[in-house]
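Counting in my numbering, the sequence shown runs from 42 upward without gaps. Beta carbons are placed, not taken as given, at the ideal position from N, Cα and C, and that holds for glycine. The structure appears below as structure tokens.
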Amino acid sequence: MLETHNQTERDTIAHRAHESTALEMILHTQLRTYSALPEVIQRNCRNCSPQQAQNAQKLTNFLQTRYPEVWAMLIRKYGAV
């Protein structure tokens, strides 16, 4: 039983690591750099191209639904002007 629990825990940790890597890839791919986050959050992507705005919308929807704690952290960090 203990071995099964440990395997489940390892599987969970591996899954979370995979999700974190996926999240980092999405952040990098969709916005290219973290420096775009203030533009997205503070100015609602006013200076973004149509493609950048579409990518930013996809990313924010993804973060808000799958990683609300990460989204909240980003709002705390970049939301204050």
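Own chain partners of residue i with C-beta closer than 7 Å, once the 5 adjacent residues on each side are dropped
| i | result |
| --- | --- |
| Y119 | L78, P79, I82 and Q83 |
Classification of residue i by the beta-carbon crowding that lies within 10 angstroms, buried from 16 upward
| i | result |
| --- | --- |
| N88 | exposed |
| N96 | buried |
Cβ distance (whole Å) where residue i is taken to contact residue j below 8 Å
| i | j | result |
| --- | --- | --- |
| Q93 | C86 | 7 Å |
Residue-chain proximity (residue i, chain B), Cβ-Cβ < 9 Å
| i | result |
| --- | --- |
| K99 | Note that chain B does not occur in the displayed structure, where there is just one protein chain. |
Contacts around residue i, its chain only, beta-carbon distance under 8 Å, and the 5 residues preceding and following it disregarded
| i | result |
| --- | --- |
| T101 | V81 and W112 |
| L115 | L78, I82 and L104 |
Cβ neighbours of residue i in the same chain (closer than 6 Å, five flanking residues each side left out)
| i | result |
| --- | --- |
| Q105 | W112 |
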